[in-house]
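>
There are 6 protein chains.
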Amino acid sequence: MSRIDGRTPDQLRPVTIERGWSKHAEGSVLISFGDTKVFCTASVTEGVPRWRKGSGEGWVTAEYSMLPRSTNTRGDRESVRGKIGGRTHEISRLIGRSLRAVIDYKALGENTIVLDCDVLQADGGTRTAAITGAYVALADAVGWAQRKKLIKHGRQPLTGTVSAVSVGIVNGVPLLDLCYEEDVKAETDMNVVCTGDGRFVEVQGTAEAEPFTRAELGSLLDLAAAGCAELDTAQREALARTL
Amino acid sequence: MSRIDGRTPDQLRPVTIERGWSKHAEGSVLISFGDTKVFCTASVTEGVPRWRKGSGEGWVTAEYSMLPRSTNTRGDRESVRGKIGGRTHEISRLIGRSLRAVIDYKALGENTIVLDCDVLQADGGTRTAAITGAYVALADAVGWAQRKKLIKHGRQPLTGTVSAVSVGIVNGVPLLDLCYEEDVKAETDMNVVCTGDGRFVEVQGTAEAEPFTRAELGSLLDLAAAGCAELDTAQREALARTL
Amino acid sequence: MSRIDGRTPDQLRPVTIERGWSKHAEGSVLISFGDTKVFCTASVTEGVPRWRKGSGEGWVTAEYSMLPRSTNTRGDRESVRGKIGGRTHEISRLIGRSLRAVIDYKALGENTIVLDCDVLQADGGTRTAAITGAYVALADAVGWAQRKKLIKHGRQPLTGTVSAVSVGIVNGVPLLDLCYEEDVKAETDMNVVCTGDGRFVEVQGTAEAEPFTRAELGSLLDLAAAGCAELDTAQREALARTL
Amino acid sequence: MSRIDGRTPDQLRPVTIERGWSKHAEGSVLISFGDTKVFCTASVTEGVPRWRKGSGEGWVTAEYSMLPRSTNTRGDRESVRGKIGGRTHEISRLIGRSLRAVIDYKALGENTIVLDCDVLQADGGTRTAAITGAYVALADAVGWAQRKKLIKHGRQPLTGTVSAVSVGIVNGVPLLDLCYEEDVKAETDMNVVCTGDGRFVEVQGTAEAEPFTRAELGSLLDLAAAGCAELDTAQREALARTL
Amino acid sequence: MSRIDGRTPDQLRPVTIERGWSKHAEGSVLISFGDTKVFCTASVTEGVPRWRKGSGEGWVTAEYSMLPRSTNTRGDRESVRGKIGGRTHEISRLIGRSLRAVIDYKALGENTIVLDCDVLQADGGTRTAAITGAYVALADAVGWAQRKKLIKHGRQPLTGTVSAVSVGIVNGVPLLDLCYEEDVKAETDMNVVCTGDGRFVEVQGTAEAEPFTRAELGSLLDLAAAGCAELDTAQREALARTL
Amino acid sequence: MSRIDGRTPDQLRPVTIERGWSKHAEGSVLISFGDTKVFCTASVTEGVPRWRKGSGEGWVTAEYSMLPRSTNTRGDRESVRGKIGGRTHEISRLIGRSLRAVIDYKALGENTIVLDCDVLQADGGTRTAAITGAYVALADAVGWAQRKKLIKHGRQPLTGTVSAVSVGIVNGVPLLDLCYEEDVKAETDMNVVCTGDGRFVEVQGTAEAEPFTRAELGSLLDLAAAGCAELDTAQREALARTL
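Protein chains in written order, with the UniProt record's numbering: chain Y, 1 to 243; chain S, 1 to 243; chain D, 1 to 243; chain H, 1 to 243; chain F, 1 to 243; chain P, 1 to 243.
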């Protein structure tokens, strides 16, 4: 049984990673997972938040947002509503944690890198595309900071690579990288963040309709690990290109 | 090697579930997991939010909050800061999803049940205690609504039971039901929500220090499933007592 | 004519004061005036707000809040609404002023004590129970600060004791310590805060229906002064118990 | 011993009440108590807030605010800070309650009157000047509504008159109508709201330094009652003038 | 064809400028353009905002607000709504820019002057009346600062004078200083801010109904320049009077 | 004397207008004025805001925002700060007014079109690029609504075309379409919105340093009118391309 867009269950959507999409940011990427497009910028500033001053350690944080018409029907702007919704908060925190998992704060020194992930067009998997793209922007920002000597010679703040993908069970079949139409029908929905060496940074599985079994969880993790390995390759290829 | 408080790795802290703690709420529970104490109330109102009107289906939602001095150092009130933090949002959403996993909206009819989970004292595991206690308050509220005929005769909105526990890896050892002191040292931290029949509703694992392997994930899920089974028993015993 | 709950007009509801209700706070009390239950914690921190720095004087302040289902019908959380209501503001300010009336700022030194009064269950008189309970929590916090040498040896920041009670005229009869059902029927409603030596710290009388005469005001003050004297005894007994 | 501005202890500051100060509002007054100047408008709208619809009863409410430079040093605007402070809330509520004490909601019918009291210049006693001026604006607004037939022929929503004054103990001497310089030195500060027939609507006494005795309270109430009687006369004279 | 209030197309409404309207502010003016009345205060404080510290230069800023019943129907308070509307923001910024156009920051030294412009009664042209009045309040505040030696001897921070007026096309006829009734009918509406020497500081023209031609724009600028010249005279006369 | 980027004073930066940049929005455009890139979407919904219901007329409004790293240094998100800044408000209002100038509300019928203009990269002229791009998105959205029969057969809501450009005086020379580096040095800065037939919709000129003369204003308007005529051509060409 083939999927809505003709993919096999274990197939990613086409992934594109364009670096250097902003002339201002120290790192910037336009990433697409099929029709999902996220613009990720990495901004480096010297210094750290007050609670970290004098520690000799840096900080990495992230903010996620959706443009009001990135979705099928227009959503209100959170700036206009005057507050950030729970989903936005949750995803911003997830992105930040995922990237911090591959950061050596000591090597970064007292510098702060902020990742902004703005969804230009949404079709499922925006948070996983954001993490995957933000890693590439982060890597470029770290390179910039090394060249600018903000990071001490010979120190490498990146301890690994990180990427993310969604998986879910639709009509009883475990599928990789759900598009929006699949996502709304999924009985179980899971977002998985992996390092390049195949270990897990985050596993967030939610039963949308039916609780899931240990066996189903296993199948989803298999799919996700394989998907992240492919994304890891795409990230490496993007970073290998001359900017 | 024994734990800070003398427990074995697979041992829960003492659990107490006191029902009927409020004279106003349709369901109310004071639950404790060791020194973590959460006050859970379930409020039933006829009618549903606007977006659900006319559907014939009910709604269940939750709000989580910590009293300012439930923790070791006093935190600012979110009402005074004028906005809800990301962590609060995230946990409120988690509690709501967990309880909705065992609700048959049709059977509930156009009624709304709000679970308020206020942490009176925190010592790790506040979200899992909240879910476990909220389920009991929810069950009492459903019983109240059945007696008041808000729910049609013979309908049972509860499709199962739900409980939650935290697990984590501390100094390389997988542990069940972390207290605060263990939680801050954990390399990996996971919250697991299970139904009474042993299936999973939510699995949220986070690498705090080192990414974790598939094998470690397996050990943690084993511990959590066993812990939830014990909590399920405690919930049933509490509900069996005359109020 | 006896009252709803069988009391005489000049009779308080049963008062209980449990100290040490929190393992984290420097002072903590669960106080009940009948079915009204307020959880009061006192948090000590070294230092004072910026506007008071270098003065050598301390500061005491208070925050009052009701849990959403402390009342008969659930109220919205102020954190969710994003702002604090006028009533909450007013009561927080009243509690703070009442406690500051028995504080010697010089003796306290540059330390801050914050009283958090969270209403777990409301049945009239929540602000007066809060003041009465907060005084006991404050006394424990002061004792803690003396033992920790945050307060200089031999200095006593407490210049007296303070308690509070509500009085009102219901069907023309002056009554002490109104429960909710009496409160909503009261023609006049008054909250009185007294020191242990029988003087007044706050007198707030409001004509809910009919303006009141000087004679009626006199009767209410008599009732209140007697009620506060009883509460003063209850506070002293509670503080005399070993924690 | 004479006062800062040469008054005797029982003497009001010069009071002026100018009606018709706005061409838009249904009632408007510029009132001054010495250098304290408050601009009060009464706005009539047909209809009542949602919670009162269909009751056949009207509603009266008030909002108080200080212009940023009404005081000696400029204060931040509450609109710029994004929230209303506790003091503002408290005074707005006091003004509203005071005026509602002389309103017959049935006679008013389903109309709403909002009193806006904006302090143009502050020199102590702004809330009492606001209440006293707002009553006059309210009376004019009621007259307007009667002429416009919003209020049924022959119905009188005003059941009496209301005015307010501050009193306090300064250097042990009870004084009437404190100016700012006296107010900051007062040991006890009280705001008293009376009806024209000499009864009390609100009594709010606060010990700023020392708790006060029953005898002191008595002296202050005597002063206040006499002061309100004078203000009542000033209100009647103002309302007797042709607009 | 004569105007609603009998004026000729190039005629201002009666202008009054009363200085010294506040005993607290360093400069204060009640200005009226016909029935439009704006209360302008200028507050001087030593020091500048953080981003300007150490520059040796001062700062001038402005805040505009309308009292809720300054208009024909009552508007909500922005403090109650918890946010400032776009129109208020826009006008506050316009007033600030207009006054800064005639300020020599170096001569002002590290002092800040805040202009508060509160509309007591609105009948069109509130922003232009505010600018015109605020300039006079600013001039008085500068004089005060010179006398207090906050400004160095011999330095003059005012590099010129500034005033403003509205113009518009109503029924095809260019008109000066629109009242509210004209303003709502205008096809084109323009606010013009001029210096005393006849140059432009701000020109803000908006087509409300039909786009306007270059020729129409020319006519409007002619009217506005002549109107500002008259206002400049009124400002000079007001400042020449003994305070 | 040539400009920073080699342009002549009356030369626009390269303009690109890409339609169909979003698969969700009814109209969408990525416009660039040199390095300034703005993403404009037009969202059509049936129905109008409450205050317009039953009028038979439609509504068009706009929201402008800058991504946090669209500028050289990262700015805080307005959603995180919890309020919209004055500049954002001002520009959103300007865009909305500009587009409404070419809308026939009756022909639009009771439909609402919201224009979202999000700046992806800023290099001066973001508001003028936003207006110019938003017009094209609006035109596509109108076409969509016509095809979907939301707009009655034969009705054309667009009464003309609209575009905008900035002009300014830098070192005494009037320049067209300022880039950021020129903008910060400009003595006078003006934004001009024109219809395709060469009339003016908005003229907003501000003296940043020196007040400007009538002659200078004339030169700037000449430049702007010529610039808008070029932009009009670019819009027509973009709309002529097959989507």
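For every residue, glycine included, the Cβ atom is placed at its ideal position computed from N, Cα and C.
Given the structure is predicted, the values throughout are model-derived calculations rather than measurements.
How would you call Ala-43/F, buried or exposed, if buried means at least 16 neighbouring beta carbons within 10 angstroms?
According to the sequence provided, residue 43/F is Ser. The question's Ala does not apply to it. Buried, since its Cβ has 16 or more Cβ neighbours within 10 Å.
> Could you tell me which residues DSSP puts in a beta bridge with Gln-204/P?
According to DSSP, which records beta bridges pairwise, Gln-204/P is partnered with Gln-204/F, Asn-191/P.
> Starting from the beta carbon of Pro-211/Y, find every residue of chain S whose beta carbon is closer than 7 Å, and list them in chain order.
Ala-101, Thr-195, Arg-199, Phe-200, Val-201
> When we look at the beta-carbon of Ile-4/P and count the other beta-carbons within 10 Å, is it buried (16 or more) or exposed?
exposed
> CA-CA distance, Phe-200/H and Glu-237/D?
When rounded, the distance between both Cα atoms is 37 Å.
> Given this structure, state the Cα-to-Cα distance separating Val-167/P from Val-203/F, to the nearest angstrom.
If you take the alpha carbons of Val-167/P and Val-203/F, they lie about 14 Å apart.
> Flag this pair as touching only if the stretch 72 to 92 of chain P and the stretch 143 to 155 of chain P have three or more C-beta atom pairs under 8 Å; answer yes or no.
no
> Which class does residue 244/Y belong to by DSSP, given the choice of helix, strand or coil?
No answer is possible for residue 244/Y: the residues shown for chain Y start at 1 and end at 243.
> Assign Gly-154/H to buried or exposed, taking buried as 16 or more other Cβ atoms, counted over all protein chains shown, within 10 Å of its Cβ.
By the neighbour-count rule (16 or more Cβ atoms within 10 Å), Gly-154/H is not buried but exposed.
> Going by alpha carbons, who is nearest to Gly-58/P out of Glu-230/P, Asp-10/P, Val-48/P, Thr-71/P?
Considering only alpha carbons, the answer is Val-48/P.
> Within a Cβ cutoff of 6 Å, which residues of the same chain sit near Phe-212/S, ignoring the five residues on either side of it in sequence?
Cβ neighbours of Phe-212/S beyond the five flanking positions: Thr-188.
> Within its chain, find whatever has a CB closer than 6 Å to the CB of Thr-45/P; leave out the 5 residues flanking it on each side and keep chain order.
Thr-112
> Can at least three beta-carbon pairs, one atom from the stretch 121 to 131 of chain S and one from the stretch 24 to 42 of chain S, be found at a separation below 8 Å?
yes
> Helix, strand or coil for Cys-228/H? Go by DSSP, reduced to three states.
Residue state, collapsed to three classes: helix.
> Would you call the stretch 101 to 115 of chain Y in contact with the stretch 9 to 24 of chain Y, where contact means no fewer than 3 C-beta pairs closer than 8 Å?
The stretch 101 to 115 of chain Y makes no contact with the stretch 9 to 24 of chain Y: fewer than 3 CB pairs, one atom from each, lie closer than 8 Å.
> Any beta carbon of chain B sitting closer than 8 Å to that of Glu-237/F?
You won't find chain B in this structure, because its protein chains are Y, S, D, H, F and P.
> Classify Val-173/Y as buried or exposed, calling it buried when 16 or more other Cβ atoms lie within 10 Å of its own Cβ.
Exposed is the call here.
> Between which residues of its own chain and Gly-160/S is the CB-CB distance below 6 Å, once the five residues before and five after are set aside?
Val-102, Thr-195, Gly-196
> What whole-angstrom Cβ distance do Ala-225/H and Gly-198/H have, given they're in contact under 8 Å?
6 Å
> So with CB distances below 8 Å, who are the chain H contacts of Leu-67/F?
Phe-39, Thr-41, Asp-116, Asp-118
> If you draw a straight line from the alpha carbon of Ala-209/D to that of Ala-186/D, how long is it in whole angstroms?
8 Å
> Please identify, using Cβ separations under 7 Å, the residues of the stretch 78 to 102 of chain P that lie next to chain Y, in order along the chain.
Answer set for the stretch 78 to 102 of chain P: Glu-78, Ser-79, Val-80, Gly-82, Lys-83, Ile-84.
> Can you pull the chain Y residues whose beta carbon is under 7 Å from the beta carbon of Thr-71/P, in chain order?
His-24
> Span of the beta strand (DSSP E) holding Thr-126/P?
Looking at the DSSP string, Thr-126/P is not in any beta strand (DSSP E); the run it does join, the alpha helix (DSSP H), is 126 to 147.
> Between Thr-41/Y, Gln-156/Y, Leu-120/Y, Thr-61/Y, which has its C-alpha nearest residue 245/P's C-alpha?
Shown here, chain P extends from 1 to 243; a query on residue 245/P therefore has no answer.
> So is Val-184/Y buried or exposed if we call it buried at 16+ other beta carbons inside 10 Å?
exposed
> Under a Cβ-count criterion, where at least 16 other Cβ atoms within 10 Å of its own Cβ denotes burial, should Ala-137/F be classed as buried or exposed?
buried
> Going along the chain, which residues of its own chain have a beta-carbon closer than 6 Å to the beta-carbon of Gly-133/Y, five neighbours each way excluded?
Val-29, Ile-31, Val-38, Cys-40
> Determine, using beta carbons only, whether Asn-191/P and Ala-229/P come nearer to each other than 8 Å.
no
> Is there a C-beta anywhere in chain H that falls below 8 Å from the one on Asp-140/F?
no
> What would DSSP say about Arg-100/Y, mapped onto helix, strand or coil?
helix
> Whose CA, out of Tyr-64/D, Ala-215/D, Asp-76/D, lies closest to the CA of Ile-95/D?
Tyr-64/D
> Give me the chain H residues within the contact set of Asp-35/F, using Cβ-Cβ distance strictly less than 7 Å, ordered along the chain.
Lys-23
> Assuming Glu-110/S and Gly-56/S form a contact by the criterion Cβ under 8 Å, report the distance between their Cβ atoms to the nearest whole angstrom.
6 Å
> Give the interface partners of Arg-74/H over in chain F, defined as CB-CB distance under 7 Å, in chain order.
By Cβ distance, chain F contributes Ser-43, Val-114.
> So, is Thr-8/D buried or exposed, given that buried needs 16 or more other C-beta atoms within 10 angstroms?
exposed
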